[in-house]
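Report on one structure; see the data block that follows.
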Amino acid sequence: MDEEVETDVIAAIALGERYNARLFINDYWRLAIKHGAYGVHLGQEDMDVANLTAISEAGLRLGLSTHDNMEMDRALSANPSYIALGHVFPTQTKQMPSSPQG
Numbered sequence: 001m002d003e004e005v006e007t008d009v010i011a012a013i014a015l016g017e018r019y020n021a022r023l024f025i026n027d028y029w030r031l032a033i034k035h036g037a038y039g040v041h042l043g044q045e046d047m048d049v050a051n052l053t054a055i056s057e058a059g060l061r062l063g064l065s066t067h068d069n070m071e072m073d074r075a076l077s078a079n080p081s082y083i084a085l086g087h088v089f090p091t092q093t094k095q096m097p098s099s100p101q102g
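Using the UniProt record's numbering, read the sequence shown as starting at 1 and increasing by one per residue.
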């Protein structure tokens, strides 16, 4: 694990606590558990490798990304706190696995 990422996660969680903000850590579910984040956000590919039971047992909220109806159904089966559906508009910043949903 990259020490710089862990340091950033610790600092972000501390800021969240200081300002009474509910912080979701993106992807780094082990660090989110270890340092007591409010929640973790995972993409579809992360669902295959993350321990969803450990996330739940640690009391973290779970957010999941989806891009189509099939992924939405899969996400719903994990009983997340929220589901993000996207992308809504075309983007030039990264390759997307699907067409815009907007």
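C-beta atoms are modelled at their ideal positions from N, C-alpha and C, and glycine is treated no differently.
Please list, in chain order, all residues of the same chain as residue i whose beta carbon is under 6 Å from its beta carbon, the five residues on each side excluded.
i, result
"His67", "Pro97, Ser98"
"His41", "Phe24, Asn26, Gly63"
Hey, could you find the ends of the alpha helix (DSSP H) residue i is sitting in?
i, result
"Arg18", "3-18"
"His35", "29-35"
"Thr53", "52-57"
"Leu76", "69-77"
Rank the options by C-alpha distance to the C-alpha of residue i and give the top, closest one.
i, options, result
"Arg30", "Ala54, Ala11, Tyr19, Pro80", "Ala54"
"Thr91", "Ile83, Ala84, Gln101", "Gln101"
"Lys34", "Leu76, Glu6, Leu52", "Glu6"
"Gly16", "Glu3, Gly36, Asp2, Glu57", "Gly36"
"Asp48", "Asp2, Ala21, Glu71, Ile13", "Glu71"
"Glu45", "Arg74, Ala12, Glu4, Asn79", "Arg74"
"Asn79", "Leu60, Gln95, Arg18, Thr93", "Leu60"
Since residue i and residue j are thought to touch, with beta carbons under 8 Å apart, how far apart are those beta carbons, to the nearest angstrom?
i, j, result
"Gly39", "Ser81", "6 Å"
"Ala84", "Ser56", "Actually they do not touch by this definition, with Cβ atoms about 19 Å apart."
Within a Cβ cutoff of 8 Å, which residues of the same chain sit near residue i, ignoring the five residues on either side of it in sequence?
i, result
"Val88", "Pro100, Gln101, Gly102"
"Asn51", "Trp29"
Does any residue of chain B have a CB that is nearer than 8 Å to the CB of residue i?
i, result
"Asp68", "Chain labels in this structure do not include chain B; a single protein chain is all it has."
First and last residue of the beta strand (DSSP E) that includes residue i?
i, result
"Leu62", "61-66"
"Ala84", "82-85"
Which same chain residues, not among the five before or five after residue i, have their C-beta less than 7 Å away from its C-beta?
i, result
"Ile13", "Leu23, His35, Gly36, Ala37"
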